[in-house]
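So the sequence shown is residues -9 to 102, counted in this note's numbering. Glycine residues also receive a C-beta, built at the ideal position from the N, C-alpha and C atoms. In this text the structure is predicted, and so the values were computed from the model without any measurement.
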Amino acid sequence: MRLPGDPGLGRQLLYSAGFRLPPQNREWVRHELTDAGWRGRLTARHLLIMLPVCAVLAALPGPVWLQIAVPALALIASVGTVAMYADDLRVRRLRQHGLPVPPDPDTGRPSH
């Protein structure tokens, strides 16, 4: 399902890499960061960036166990970091696009 302001595949890849989208894509960004499932989408975008990095790490010369262990460690550590800091990453992306930050359910006021 396409949303209003859907940026298309090229801009979605740029957005995944941390770039700011133009104002006409604000509604799509708002949906991506506030609607149900935003954590899953955040993690999926991160995986989209990390899988090619892990493929490069796996292609480096060395013993097979190392070619498996290094990319696995990089993937596990980076996904863990994204999971731990998902709320902070969301707040930064919302502010980057000039969108309001929803209140923190624990404190009742906007995050950081």
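Going by DSSP in three states, residue i sits in which element: helix, strand or coil?
i, result
"P(-3)", "coil"
"P13", "helix"
"P93", "strand"
"D77", "helix"
"P61", "helix"
"H87", "coil"
"A34", "helix"
"G8", "coil"
"A48", "helix"
"A26", "coil"
If we call anything under 9 Å between Cβ atoms a contact, is residue i one with residue j?
i, j, result
"L4", "L11", "yes"
"P61", "A73", "no"
"L37", "V69", "yes"
"P13", "G88", "yes"
What residues in its chain sit with their C-beta under 8 Å from that of residue i, if we drop five residues either side in the sequence?
i, result
"R83", "V19, L23"
Return the Cβ separation of residue i and residue j in integer angstroms, given the expectation that the two are a contact with Cβ distance under 8 Å.
i, j, result
"W17", "G0", "Reading the sequence as shown, one finds Glu at residue 17 and not Trp. Contact doesn't hold; Cβ gap of about 18 Å is too wide."
"C44", "A64", "6 Å"
"A76", "L32", "6 Å"
Between residue i and residue j, what straight-line distance do the alpha-carbon atoms span, to the nearest angstrom?
i, j, result
"P52", "V46", "A small fix is needed here, since residue 52 is Gly in this sequence, not Pro. Cα to Cα, the separation comes out at about 13 Å."
"F9", "D25", "20 Å"
"H21", "G27", "10 Å"
"L56", "L50", "9 Å"
"T71", "Q86", "20 Å"
"N15", "D94", "24 Å"
Who are the near neighbours of residue i in its chain, counting only those whose CB is closer than 6 Å to its CB and skipping five residues on each side?
i, result
"L79", "none"
"V54", "none"
CB-CB under 7 Å to residue i, same chain, minus the five flanking residues each way: which ones, in chain order?
i, result
"D29", "Rather than Asp, the amino acid found at residue 29 in this sequence is Arg. Answer for R29: A76, listed in chain order."
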